[in-house]
Structure formats: structure tokens, C-alpha cells
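Numbering (the numbering used here), first residue to last: 9 to 110.
Even glycine gets a Cβ: it sits at the ideal position worked out from N, Cα and C.
Below is one structure; the comments refer to it alone.
Here it is in C-alpha cells:
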């Protein structure tokens, strides 16, 4: 069985990747890692027609607010504080995401 891979592309102030699945908490995980996103900068994530703030922890979002952050494995994930991104976003495996420098 072959493992499917998706390319990560960077172009100026944007970095493109895709959603590849969800975890048991309903967070969406992506192909982007901490190494793909430069440390310095104020970033937002675009997914399924919505803009989500890239934060360093869940405490930076209000209850019910969408956020993006790097998980313990260094991979970018999309979450809803006190909720489930997997039911709040229209997504499927391969849904495009874009990290943009503001």
C-alpha cells in the first residue's frame, strides 16, 4: 500500500499545505510543520473560506473560537477552543490551507 503525500509550497508571504485528518478531539491536522513557518511574524491561516489566527496556545482564544497552533509533534493543527474543528469546518482530506504573513 502506498502512502499518499502532499506537497508543501512557500511563495513569498504564503505557505500552502493541506488538511490530512482529524484526531480524537476533533482537531484537524495538516501537512505543515514548525519548520515550514518562520518563527518571526504575525500569521493567519486560511482554510475552507475562513481566516483563523495562528496562536501559541489554546488560552489565546475565546471559548468557541477557531485557532491554529503547532501541536506537541510540531505539526500545525486547526482547533476550536472547547469545541471540535472537525464538525465546525467543511473539510475533507486534501482541503487546501494557506498560512499568510499579515
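Let me confirm a value: residue i is counted as buried when at least 16 other C-beta atoms fall within 10 Å, else exposed. Which label applies?
i, result
"residue 97", "buried"
"residue 107", "buried"
"residue 30", "buried"
"residue 70", "exposed"
"residue 104", "exposed"
"residue 25", "buried"
"residue 27", "buried"
"residue 47", "exposed"
For residue i, I'd like the list of residues in its chain whose CB is within less than 6 Å of its CB, leaving aside the five on either flank, ordered along the chain.
i, result
"residue 92", "34"
"residue 73", "89"
"residue 59", "52"
"residue 50", "110"
"residue 102", "26"
Round the Cβ separation of residue i and residue j to the nearest angstrom and send it over; I've been treating them as touching at under 8 Å.
i, j, result
"residue 16", "residue 44", "6 Å"
Please go through the same chain and pick out, in chain order, the residues whose beta-carbon is closer than 7 Å to the beta-carbon of residue i, but skip the five residues on each side of it.
i, result
"residue 78", "42, 84"
Which same chain residues, not among the five before or five after residue i, have their C-beta less than 8 Å away from its C-beta?
i, result
"residue 68", "61, 75"
"residue 65", "77"
"residue 63", "69, 75, 76, 77"
- Evaluate the contact criterion for the segment 54-68 versus the segment 95-110: three or more CB pairs, one atom per stretch, below 8 Å. Flag = yes, the segment 54-68 and the segment 95-110 touch.
- With contact counted as at least three CB pairs below 8 Å, one residue from each stretch, are the segment 79-93 and the segment 33-49 in contact? Output reads yes: the segment 33-49 touches the segment 79-93.
- Query: Enumerated in chain order, which unbroken segments of the beta strand (DSSP E) with a length of 3 residues or greater are wholly contained in the segment 55-107?
  - Reply: Every beta strand (DSSP E) of 3 residues or more that sits fully in the segment 55-107 is shown, in chain order, as 58-62, 74-78, 83-88.
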